[in-house]
Every structure is written in C-alpha cells, then in structure tokens.
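Worksheet for the structure shown next.
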Amino acid sequence: MTFSTMLSTMATGMLRTFGVFALTLIGSLPLGMIVALLRKSRFAVVRGFIRAYISIIRGTPLMLQLLVWYFGPFYLFGMSIGNWRFPALILGFVLNYAAYFAEIYRGGIESIPVGQYEAAEVLGYTKTQTFMRIILPQVIKRIMPSITNEVITLVKDTSLAFTLAYQEVFSLAKQISASQTSFTPFFIAGVFYFVANYVVEFIMFRIEKALDYYK
Amino acid sequence: MSNMNRRQFLTATALFAAPTLLGLYGCGSSSSSSEPAAEGTFTFKHGFDLDYPPYSYRNDNGEIGGFDVEMAQAVCNYYGWQYEAVPFNWDAKDAELNAGSCDCIWSGFTLNGREDDYLWSMPYSDNTQMIMVNKNSGIATLADLAGKKVGVQTATSAYDMLQDEEGQAALAATFASLEVYDTYTIAFNDLKAGAIDAIAIDVTSGNYLMSGEADYTFLDEELGSEVYAIGFRKDDTELCNQVNAALEALAADGTVAAIAENYPEIAEFITLGK
C-alpha cells in the first residue's frame, strides 16, 4: 500500500469520525440542557429518573452502552436491526454526552447567586425570562472551559465506534496496521486527532473570547 | 445578549452544523459495497473481521478484500445473490450473527472446538497452530518455551488452544507468562523488540506477518491442527447447503484455485478442491 493510499483511506475514516462527532454535539448539547433542567424539576419522580439516568450513564463504559443500544432491540424485543447500526451509535453517544453536559450545565446554573433571582423577581421578570435573559448567558460563559474539555474528549472517544464496526479513522488504522504489519497508520491517526483537536481548541477559544464582552 | 453577540452565537452554531452535512455524507458511503437489492433478490450478508489478513482485511488499495471476501462474492455471483459486506468487531461476532445483521461468520473462522456452536459449512482451509520465534533465540522445540514469554492475540484459536485443558494448557503452564494482545501486529513488534520470546499463531497469519522478515521462523513442532469453515446460525440449513453446493461447484470449475493465486501466503493451505 502506498503512503498516499493509506492517507486517503484514513481520510475517509476521519470524515466518518467527524460525522459522529458533529451529530453527537448537535444532539447532546441541547439534550444536556433539558436533562439539567429536569434534574431540578419539582416532581420527585422526574428528579429520581434523571438522577438514575445520569448515574447509570456515567457509571458504565460507553463501549458497553453502545453494544446495548445496538443489540438491545433484538435481544429484548426480537426486532430486526438491519439499518440500526449508525442510529444506535449516535443514540449511544448523544445520551452519554448529554449526561456529562447536563452536570456541567447544572454546576453552571447553581453557581449563580440566589440574589440574582430575587432581584429579577423584584424587577418583574417571569421565571422563564429570568432564566433565559439573566441566568443562561452567565452560565454559558462560565462553563465554556469545561465544555471545551468534554468536546476534546469526544473527538477521541469517537474511536469507540469500532465497537459497532463503524469504519472511523481508528478502526481503519487498526485494519491497515494489520494488513501492512506497520504502526504508521496509528501515527497518522494520532496526527489526525491532534489536528482535529487543535481546530476544536481554536474555535472554542474564539467563542470564549466572543462571550467575554464585559472585559 | 446584544444583537452582535447573538449573531456570533449563530455563527458558532453554523460552524458546528455545516460539517454535519459532511458527516452524513460520510456515513452514506459506508463500508457496505452493495447497491440496494433488486426486489426478490436474496442479499447475502457476509460477516467478517477486517483485522484478519489475508482472509478478510483492507487490501493495498484500502478496500475491503481477502480470500474469504472474494470467495463469498464468488458464491453470490454463482447464485445471482446480492453481496453485502458486514464488517464487525470480532468480539461481538455471535451477537451480530444471532441478531441477523449478518448471515454467516466467514473470516478465517476455526471450526475445531466450536463444532456444536454453529451450523458449519465444509472446511475450506487448513490452519495449523504454530510457534513463531526469532531464528537466533535458541528456541527449537516446544519444551524450550519453558520459562519464556509467549504472545498471542485475544479471541483467536491459538489463544483458545493455550487455554484448553485438552489442548495445550499444560504447555502454556510452563511459560513464564502468556501475553495477550489486541492484534498480532503489536505482538510481532514486541517480539522484534525482544519483549516476548515467541508468538503462538495460525500458520496462515504467521506467514503473512513473516513475509519480508528473514529473521523469524516457525518451530517444527506444531501446537495443533485445525480447519477453517463458515459458521451459520444453527437453523439456517438451507443457506448452509446452498453455500456448500456453490463451494463444490467453484472448486470444480477452478474459481477457487484462481482466487487462491491472489493470496500466495495461504494458497498451499486451501483444501477446497484438492
């Protein structure tokens, strides 16, 4: 295999890695907020359910969760899982990352002093207005470094997609390494991941700076 | 937030959203090489591991290939079936087969020791288990392995054999340690680096690893002898019979021999039609 074939084959894998990455973020960033708000619901049943969800998701390996989402429908309900591979993969990633994001959001929300809620109430803001216009903008600013951390972890976690035989860049590296008896594919994969994370860092830094409008 | 910041927020959102389209495009061109099957055409879903050269692997063009893949495609051509490649994670092979995401496990799959677990096709390849060592290591017999570090790939038949009381578990007990690797590539690098003294491996995979490496050799003594066959779900008798019939026909008309010529490392071990 020529070096350029190796590079181009792995580039297609990087594109698939990117697909998992982008879809996971698009699903889990908003879902995490919903989870964080439900975590503070006034219904004890909802709170309990959300706590159990977060606890299970954070307490078990993502690899196992992916297997459960993919094979679960067949083993539990006897359903055919012909085209379920990719949806199961995304479902597993989104639900996993939503749990982590939810806790980051919760930390951010709870860091806002209670006096701000009281002041907003005095000024006649409704609860929704208080949250959307006063609390949330501050929360987003405060949690950006933690979010960046999680997003960078996600770039590397996408390699777990090999569990469901999704042909992302690390699966391809493993396969090419086996067929060429060489470690070069792993180094190429490393460079791909590093470049991807460098881009993530850069973008997140720009967003942080843009949000820093009081300085 | 002021308007300007909202705009920046939208820009950031767009930055995340735009690549998703690319991502979707990426998964559209997923590994399955088949077109949607014409109505009424049976789609043969070939389940295999892509880490197992040269039976099923990524070939020099970066495409899915290997002896087993070409054979499965030949069987499909023979019947006019639609071929669908289902690469899977080897550790999940049984779940994949039972769940119906593939119709068979056809990937250098050892029959011995698994006789009752699957419905088996006829064996098509010999697969002797060997010990690979450096020529200068001074190891010449299985007995010399006492007190040595031996590497093996997880979930392979060589690994099973070294765990099996009726196999070579007694021999494995004499090793200083049995190092279990994710892939033979890593094990082979450890052998080169001197971190382990020997590797227990299929003769076919071993030949593939050693091609172009003059310093390594197999011990004359074998660990054991096994055969490769295709594993089907136990109730899939009709499919198994059809594949068997096709294998016989393809052996008779020379197709098997022609395909084996593409894989010189294993050609001598292919038993079909010999």
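Line by line, the protein sequences are chains A and B. Reminder that position 11 of the first sequence reads as 11 in our numbering, one-by-one numbering, no gaps. Reminder that position 163 of the second sequence reads as 378 in our numbering, one-by-one numbering, no gaps. Using N, Cα and C, we set each Cβ at its ideal position, and we do this for glycine too.
Check	Outcome
Is any beta-carbon of chain A found at less than 9 Å from that of residue 316 of chain B?	yes
Classify residue 493 of chain B as helix, strand or coil using the three-state DSSP reduction.	A query on residue 493 of chain B cannot be resolved here, the shown segment of chain B reaching from 216 to 489 and no further.
For residue 277 of chain B, does the count of other Cβ atoms within 10 angstroms reach 16, so buried, or fall short, so exposed?	buried
Within the same chain, show all residues whose beta-carbon is closer than 8 Å to that of residue 237 of chain B, passing over the 5 residues directly before and after it, in chain order.	A caution first: residue 237 of chain B carries a pLDDT of 39, below 50, which makes its placement in the model unreliable, though a value can still be read off. Result list for residue 237 of chain B: empty, nothing under 8 Å.
Does the region 117-124 of chain A touch the region 189-198 of chain A, meaning 3 or more C-beta pairs lie closer than 8 Å?	no
Give the interface partners of residue 273 of chain B over in chain A, defined as CB-CB distance under 9 Å, in chain order.	1, 9, 172, 175, 176, 178, 179, 180
State the start and end residues of the unbroken alpha helix (DSSP H) segment that holds residue 260 of chain B.	No alpha helix (DSSP H) holds residue 260 of chain B; the beta strand (DSSP E) holding it covers 258-263.
Work out the CA separation of residue 366 of chain B and residue 178 of chain A for me, nearest whole Å.	16 Å
Against chain A, does residue 310 of chain B count as a neighbour if the rule is that its beta carbon must be under 9 Å from one of theirs?	yes
Exposed or buried, what is residue 263 of chain B when buried is set at 16 or more other beta-carbons lying within 10 Å of its beta-carbon?	buried
So which residues of chain B does residue 81 of chain A contact, with C-beta pairs closer than 8 Å?	314, 315, 316
I need the boundaries of the beta strand (DSSP E) containing residue 298 of chain B, first residue and last residue.	297-302
Measuring alpha carbon to alpha carbon, tell me which residue in A:180, A:169, A:73, A:209 is nearest residue 12 of chain A.	A:169
Kindly list, in the order they appear in chain A, the residues whose Cβ is closer than 9 Å to that of residue 303 of chain B.	164, 165
Taking only heavy atoms of the ligand HEM into account, decide whether any of them is closer than 8 Å to the Cβ of residue 287 of chain B.	Here there are no bound small molecules, and the ligand HEM is not part of this structure.
Let me see if you follow: with CB-CB separation under 9 Å, is residue 369 of chain B close to chain A or not?	no
Excluding the 5 residues preceding and the 5 following residue 88 of chain A in the sequence, name in chain order all residues of the same chain whose CB lies nearer than 6 Å to its CB.	69, 70
Less than 8 Å between the CB atoms is what I'm expecting for residue 486 of chain B and residue 269 of chain B, so what's the real figure, rounded?	About 16 Å separates the two Cβ atoms, so there is no contact after all.
Give the range of the beta strand (DSSP E) segment to which residue 477 of chain B is assigned.	Looking at the DSSP string, residue 477 of chain B is not in any beta strand (DSSP E), and its letter there is neither H nor E.
Could one say the Cβ of residue 33 of chain A lies closer than 9 Å to chain B's Cβ atoms, at least one of them?	no
Could you name the residues of chain B that residue 5 of chain A contacts, counting a contact when the two beta carbons are closer than 9 Å?	275, 276, 277
Whose C-beta lies closer than 8 Å to the C-beta of residue 32 of chain A among residues of the same chain, with five residues either side of it excluded?	97, 98, 99, 100, 101, 102, 104, 105
What's the gap between the Cα of residue 74 of chain A and the Cα of residue 391 of chain B?	43 Å
Using 9 Å as the limit for Cβ to Cβ distance, is residue 307 of chain B near chain A?	yes
Report, in whole angstroms, the separation of the C-beta atoms of residue 185 of chain A and residue 10 of chain A, which I expect to be a contact under 8 Å.	7 Å
Is the beta carbon of residue 321 of chain B closer than 9 Å to that of residue 256 of chain B?	no
Starting from residue 67 of chain A, find everything on chain B with Cβ-Cβ shorter than 8 Å and list it in chain order.	307, 310
What residue ranges within the region 343-430 of chain B form continuous beta strand (DSSP E) runs of no fewer than 3 residues, ordered along the chain?	364-368, 392-396, 413-417
Is it the case that the region 410-422 of chain B contacts the region 352-367 of chain B, given that we only count it when at least three CB pairs across the two stretches are under 8 Å?	yes
Name the chain A residues that come within less than 8 Å of residue 266 of chain B, Cβ to Cβ?	174, 175, 178
Under the assumption that residue 341 of chain B contacts residue 458 of chain B (Cβ atoms under 8 Å), give the Cβ distance between them as a whole number of angstroms.	The pair is not a contact, with the Cβ atoms about 19 Å apart (cut-off 8 Å).
Using a Cβ cut-off of 9 Å, which residues of the region 370-400 of chain B contact any Cβ in chain A, in chain order?	397, 398, 399, 400
Please confirm if residue 105 of chain A has its CB atom under 9 Å from at least one CB of chain B.	no
Is there a Cβ from chain A that is less than 9 Å from the Cβ of residue 241 of chain B?	Note that residue 241 of chain B scores a pLDDT of 35, beneath 50, so its modelled location is shaky; the value from the coordinates is reported in the next line. Cβ-Cβ to chain A under 9 Å: yes for residue 241 of chain B.
Within 8 Å, do at least three Cβ pairs link the region 347-362 of chain B to the region 467-475 of chain B?	no
Counting only Cβ-Cβ distances shorter than 8 Å, please list the residues of the region 413-426 of chain B near chain A, keeping chain order.	423, 424
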